[in-house]
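Visitor: The numbering of the sequence shown is our numbering, which starts it at 329 and goes up by one. Using N, Cα and C, we set each Cβ at its ideal position, and we do this for glycine too. If you're wondering where the values come from, they're calculated on a predicted model, not measured in any experiment. Could you have a look at this structure, given as structure tokens, before my questions?
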Amino acid sequence: MPLEGEYDPSPAQWIRDQVELYESSGGTRGTTLWDTGLPVVIVTMRGAKSGRLRKIPLMRVEHEGRYAAVASKAGFPTHPVWYFNLKTGPVVDLQDGAERWSMIAREVSGDERAEWWERAVAAFPTYVEYQAKTDRVIPVFVLEPEA
Ligand code: F42
Numbered sequence: 329m330p331l332e333g334e335y336d337p338s339p340a341q342w343i344r345d346q347v348e349l350y351e352s353s354g355g356t357r358g359t360t361l362w363d364t365g366l367p368v369v370i371v372t373m374r375g376a377k378s379g380r381l382r383k384i385p386l387m388r389v390e391h392e393g394r395y396a397a398v399a400s401k402a403g404f405p406t407h408p409v410w411y412f413n414l415k416t417g418p419v420v421d422l423q424d425g426a427e428r429w430s431m432i433a434r435e436v437s438g439d440e441r442a443e444w445w446e447r448a449v450a451a452f453p454t455y456v457e458y459q460a461k462t463d464r465v466i467p468v469f470v471l472e473p474e475a
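Now the structure itself:
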């Protein structure tokens, strides 16, 4: 069941623009990280404080129908704000190209995190540079289809 509510576009213009292009093209444009050709998904979530809908592009890290959401924020010292949204409201919509699913986000740790971190780095090697830039351990969520 898609999340319902008022959408608050990101304050970052390039994020707003990519979400708009991705959604308005039915997942046929705006589907990569700039001109890298590396695929991106759009995750819709509920704001932890506002309760309004937030939408962010993330690198596409998929394995057997489950996806990772890597809270790298380019290696900044603090988690992205969306990390706290997922911790508060784990039900999200994930759009991968033209397809869209309702998912449940679960932060992973230990061996499970290591397994998904490996998949994430395989999809987007820059995550290694981001982790080297910061003392915080970059959180990894697994998004699993809602039963
Ligand atoms: N970011 C990643 O962390 N990982 C990725 O793999 C990734 C890939 C990616 C690919 C393409 C692309 O264009 C961007 C990509 N990004 C990636 C960037 C990502 O989309 C986010 O822009 C980035 O992670 C920063 O997320 P953020 O949530 O910190 O964004 C800030 C700027 C933001 O939106 N702030 C809002 C604001 O108004 O200041 C708040 C939004 C919000 O969620 N507010 C909550 C609410 O209730 O509405 C309150 C939250 C709270 O607890 O305060």
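Taking the beta carbon of P408 as the centre, do at least 16 other beta carbons fall within 10 Å, making it buried, or is it exposed?
Guide: With 16 or more other Cβ atoms within 10 Å, it is buried.
Visitor: What did DSSP end up calling L366 once you bin it into helix, strand or coil?
Guide: Three-state DSSP puts L366 in coil, outside helix and strand.
Visitor: According to DSSP, is V409 part of a helix, a strand, or is it coil?
Guide: V409: helix per DSSP, three-state reduction.
Visitor: Output the distance between the C-alpha atoms of T356 and D424, rounded to the nearest integer angstrom.
Guide: Cα-Cα distance, rounded: 10 angstroms.
Visitor: So what does M387 bridge to, in DSSP terms?
Guide: DSSP, once it has assigned bridges, lists V368 as partnering M387.
Visitor: Please report the residue range of the alpha helix (DSSP H) in which L484 lies.
Guide: In the structure displayed, the chain extends from 329 to 475; residue 484 sits before or after that span and is not available.
Visitor: Can you tell me whether R434 is helix, strand or coil according to DSSP?
Guide: The answer is strand: DSSP assigns R434 an E or B state.
Visitor: Give a yes or no on whether the C-beta atoms belonging to V369 and R388 are separated by under 9 angstroms.
Guide: Cβ distance < 9 angstroms, so V369 and R388 count as in contact.
Visitor: Please check the pair P330 and D421, which I expect to be a contact at CB under 8 angstroms, by giving their CB distance rounded to whole angstroms.
Guide: That pair is a contact at about 5 angstroms.
Visitor: Less than 6 angstroms between C-beta atoms, sequence neighbours within five positions excluded: which residues of the same chain meet that for K401?
Guide: Correct list, in chain order: P408.
Visitor: Could you tell me if P385 is buried or exposed, where buried requires 16 or more neighbouring beta carbons within 10 angstroms of its beta carbon?
Guide: Buried is the call here.
Visitor: Work out the CA separation of S437 and W342 for me, nearest whole Å.
Guide: Answer to the nearest angstrom: the Cα atoms are 31 angstroms apart.
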